[in-house]
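Asker:
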Amino acid sequence: MVTHNKNGGVVPVQADKLEKRTTINYKVQITKIEDGKESYIDLTFGITKISLYDKPDKWMNAVLIKGFGQHPLILLTNKKPDSKAPKDVHKIVEIYLTRWKYDQCFRNIE
Numbered sequence: 418m419v420t421h422n423k424n425g426g427v428v429p430v431q432a433d434k435l436e437k438r439t440t441i442n443y444k445v446q447i448t449k450i451e452d453g454k455e456s457y458i459d460l461t462f463g464i465t466k467i468s469l470y471d472k473p474d475k476w477m478n479a480v481l482i483k484g485f486g487q488h489p490l491i492l493l494t495n496k497k498p499d500s501k502a503p504k505d506v507h508k509i510v511e512i513y514l515t516r517w518k519y520d521q522c523f524r525n526i527e
């Protein structure tokens, strides 16, 4: 994938190196319920624009989330949140987390 550098140019970046090019400036605490027990997870996240090599003219937003494990989680979205508005970026994180809850629920039903 490619992203913008500080001078506005385009530079290639590997997914595992995207964290170095993303400002992580949002924080939220989520509640996880597993086996009837509640626990809290502190998440930090940020957003940056990226493009994939095979679609260099199509820019997307990569939301980078830290707190789920050793490596950050990267969500690609075509949503265009105001990067200065934490609520906009948090909404994207919330949408994906809600979707995962439904996926897990249906997996358990099957």
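Residue numbers for the sequence shown follow the numbering used here, beginning at 418 and rising by one. We put the beta carbon where it would ideally sit given N, CA and C, even for glycine. A quick note: this is a predicted structure, and the numbers were derived from the prediction, not measured.
1. How many whole angstroms separate the CB atoms of Val-480 and Thr-494, which I take to be in contact at a CB cut-off of 8 Å?
2. Val-430 by DSSP, collapsed to three states: which one?
3. Who are Gln-487's beta bridge partners in DSSP?
4. Where does Tyr-513 fall in DSSP's three states?
5. Glu-455 to Leu-490, Cα distance in whole Å?
Answerer: Taking the definition as stated:
1. For this step, residue 480 is matched to residue 63 along the sequence shown. For this step, residue 494 is matched to residue 77 along the sequence shown. The beta-carbon distance between Val-480 and Thr-494, rounded to whole angstroms, is 7 Å. This is short enough to meet the 8 Å contact definition.
2. Stepping through the sequence shown from its first residue, residue 430 is reached at position 13. Here Val-430 carries a coil assignment [DSSP, helix/strand/coil].
3. If you number the sequence shown from 1, residue 487 lands on position 70. Partner residues in a beta bridge of Gln-487, as assigned by DSSP, do not exist.
4. In the sequence shown, residue 513 corresponds to position 96, counting from 1. Helix.
5. Indexing the sequence shown from 1 puts residue 455 at position 38. Indexing the sequence shown from 1 puts residue 490 at position 73. When rounded, the separation of the alpha-carbon atoms in Glu-455 and Leu-490 is 22 Å.
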